[in-house]
Amino acid sequence: MKKSEIEAIKLGDIEIKENEEYVNVIMDNAYYLHETGKPMLPYYVKVYYFPLGSKVSIECEPKNIETMKIDKEVVVAEPPKPKGMKEIKIEKIQPLRETYPATWYSYHLGGGLVNGKRVTILVLHLYPVRYNADKKELMIANEFDVKINYIEPKKFIVSNDEYDLVIICPEEWREAIQPLVEHKENHGIRTYVETVENIYATYEGRDGAEKVKYFIKDMIEQYGIKYVLLIGGKKSYFVGNWGHDGPLHHDDSLWYCPVRYVALDDMAEHGYISDLYFADIYDANGNFSTWDTNNNGIYGEWRLQGKDILDLYPDVYVGRLACRSLKELQNVMDKIISYESRSVRNEDWFKRMLLVGGDTFDDAQNICEGEVSTDWFYEHYMADKFEKVSLYVSDGTLTFGYTEPNKIAGRFAWINVIKTFSEGCGMAVFDGHGSPTAWATHFQGYASHSDPWVNGLMTYNMDLLSNNDMLPVVVIGGCHNSEFNISLFDDFKNPWTYQPTYECFSWHLVKMAKKGAIATIGNTGLGYGAEGGDRNGNGIPDCVEYNGGYIEDRFYYAYGKLGKDVLGETWGTAITEFLNVYPGMKDRIDCKTVEEWVLLGDPTLKIGGY
């Protein structure tokens with residue numbers, strides 16, 4: 038039966054701020070458009086939820102439209118900045134001449150898991166201000182009438198609730214994971230185990246990853262699972278690089294548990310791994326989300342020739358233990374079991390949060406984006422739960438007291454990270470530049486790629502950590518830190534490694550016995566950010582409002598304000614929150630931001646233990 042909801046929405050007044058160059062248009066509690074070269078105008082986000090598979094349509098009409106002349110042009114958005122350790126050319130911004138945005142509203146639909154319920158998500162974006170650059174004229178509507186029509190599905194996709202977690206692992210490790218299974222069961226996590234080999238033999242699919250995804254779909258519909266733990270990374274530390282597999286070539290034989298390469302070309306790299314593929318099972322209509330809507334065998338395609346239409350919202354919470362050996366698996370299982378069993382939230386070390394940052398981008402204001410963003414996360418979401426411990430370049434705590442460029446201090450800054458990290462913390466966040474091998478930043482005001490680097494931590498030195506059983510959840514802002522398809526000889530064909538590296542930064546932290554991290558979240562490809570100023574004039578630093586900074590912001594918001602303390606749900610909530618504001622199919626960098634953000638760890642991990 039068709040149902041309707043009617044809502045009259047009244048928005049606030051606008052404020053015009055002028056400076057020497059341009060005009061800012063400000064509205065309270067608004068988001069700001071961030072399309073390169075286009076005006077940064079305010080918009081509002083309204084989110085509605087319906088049972089998964091509902092058919093939804095919307096009617097929206099602006100009311101009391103007024104016009105306003107302005108003397109200067111509205112400020113425009115700058116391109117996203119890559120967070121890698123290699124210079125990338127940024128295209129010149131072209132001036133806008135047509136009215137922007139083109140309409141008074143837009144909306145998108147998704148299928149996702151929100152607060153334990155599988156829902157169709159309707160996200161409405163209202164654009165109360167539109168700008169005609171030729172006329173230097175604003176069109177303003179601060180009232181909207183909204184009518185939503187929907188038909189709920191006759192049959193719900195999920196009717197059972199028998200299991201919480203499914204673990205997918207190679208046959209040879211099935212017996213070895215039993216202590217982890219028993220531990221999860223003892224804490225009320227109903228756990229189902231299946232082997233990669235059995236899935237390959239039982240399910241149809243064009244490759245191993247698609248077979249695994251169909252299996253996950255069955256587990257949702259038969260048993261109601263909400264969490265998926267993939268166990269297994271590459272089989273070799275030496276080979277199996279971009280010369281052997283990648284977005285256009287699938288080779289499941291290289292992997293203990295398969296991966297999905299997506300073919301999104303950001304003009305700097307043509308693809309990367311995305312475990313979000315295994316989490317996004319349904320679209321808004323409850324149909325299987327293939328990630329190959331043109332059916333050409335290329336997944337997550339976004340190239341000059343066109344793009345696949347993806348849902349992107351997580352329907353299950355997925356984490357991976359990218360183990361290459363039984364020893365690595367045993368190390369990580371021991372850490373998880375010990376961490377959760379000890380109720381570490383009550384131990385003093387857990388109550389510290391480590392913030393590491395410096396000057397990420399070369400801008401005229403010399404703002405230390407890595408410091409601004411990490412401090413924002415702490416002050417707005419975590420200050421009532423954790424003590425702040427920071428290593429910054431601006432005060433010399435990261436660089437032996439040096440605040441001006443010093444090659445020796447920058448090169449050996451990792452010593453301070455090792456020392457402070459080893460003292461223990463429950464949360465840690467690094468925000469700067471990265472590679473599979475390293476995380477780094479710059480001295481304040483010296484942030485071009487030709488300036489001296491400040492080396493925060495590397496796979497080559499992190500074995501010196503001594504934080505025995507004091508294991509943080511670590512979020513890493515930087516390029517390729519979580520590129521877990523890396524192998525020792527990868528640097529011959531992979532331009533982002535810079536040097537021989539047998540495994541990535543993020544996984545190395547997780548796989549170490551008794552030390553390192555309990556879990557990491559970071560990028561499998563090039564990460565992106567914004568400079569640290571306030572270009573849209575709303576009082577919020579741009580480096581936490583857009584791209585990688587915003588998804589990290591949403592992670593700490595989910596934990597600190599929404600109380601999402603199961604790691605997979607914290608990860609999934611951050612992605613959902615990001616997509617509500619920045620639809621993945623509207624901008625390829627926003628799409629990449631959620632696709633590449635991988636959780637290397639247990640998705641059912643109780644942050645702080647039981």
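Residue numbers (this note's numbering): 38 to 647. Every residue gets a Cβ at the ideal spot worked out from N, C-alpha and C, and that includes glycine.
Taking C-alpha positions only, Glu96 is separated from Met499 by approximately 55 angstroms.
A distance below 7 angstroms between beta-carbons, with the five flanking residues on each side excluded, links Gly242 to the following residues of its chain, in chain order: Lys248 and Tyr251.
A residue is called buried when at least 16 other Cβ atoms come within 10 angstroms of its Cβ; Ile445 does not meet this threshold and is exposed. DSSP, read as helix, strand or coil, puts Glu338 in coil. A contact is defined here as three or more CB-CB pairs under 8 angstroms, and the stretch 448–466 fails this definition with respect to the stretch 618–628. DSSP, reduced to helix, strand and coil, places Thr411 within a helical segment of the structure shown. Between Pro537 and Gly463, the C-beta spacing is not below 7 angstroms.
Under the three-state reduction of DSSP, Lys40 is assigned to strand. Per DSSP, the beta bridge partners of Arg155 are Leu150.
DSSP places Ile455 outside any beta strand (DSSP E); the residue lies instead in the alpha helix (DSSP H), whose first and last residues are Trp451 to Ser459. For Trp634, there is no enclosing alpha helix (DSSP H); the residue is found in the beta strand (DSSP E) stretching over Trp634 to Leu637. Residue environment analysis places Gly334 among the exposed positions, since fewer than 16 neighbouring C-beta atoms fall within 10 angstroms of its C-beta.
Burial is judged here by how many other beta carbons sit within 10 angstroms of a residue's own beta carbon; Ser91 has at least 16 and is buried.
Within the stretch 257–319, the complete beta strand (DSSP E) runs of at least 3 residues fall at 264–268.
The continuous alpha helix (DSSP H) containing His545 extends over residues Phe542 to Lys548. Classified as buried, Asn518 has 16 or more neighbouring CB atoms from the shown chains inside 10 Å of its CB. Going by C-alpha positions, Arg167 is about 13 angstroms away from Tyr81. Residues of the same chain with a CB within less than 7 angstroms of the CB of Leu546, apart from the 5 flanking positions on each side, are Met499, Val511, Gly553, Ala554 and Thr557 in chain order. Per the DSSP secondary-structure output, His162 pairs in a beta bridge with Val82 and Ser143.
Straight through space, the alpha carbons of Asn61 and Trp608 are spaced by roughly 33 angstroms. Sequence-distant Cβ neighbours of Asn505 in its own chain, meaning closer than 7 angstroms and more than five residues away, are Lys551 and Lys552. Ser375 carries a helical assignment under DSSP once its states are collapsed to helix, strand and coil. In the structure shown, Asn331 adopts coil according to DSSP, grouped into three states. As for any alpha helix (DSSP H) of minimum length 4 sitting wholly inside the stretch 160–238, the runs are 215–223, ordered along the chain. Checking the DSSP bridge columns, you'll see Glu441 has no partner listed. Put simply, the stretch 345–365 does not touch the stretch 108–117. Fewer than three CB pairs are less than 8 angstroms apart.
Closest in alpha carbon position to Arg297, among Ser427, Lys643, Val409 and Tyr314, is Tyr314. Shown here for Tyr274: same chain residues with a beta carbon closer than 8 angstroms to its own, the five before and five after excluded, namely Arg361, Ser524, Leu525, Tyr539 and Glu540 in chain order. Of the residues Val355, Lys271, Val276 and Asn322, the one whose Cα lies closest to the Cα of Leu604 is Val355.
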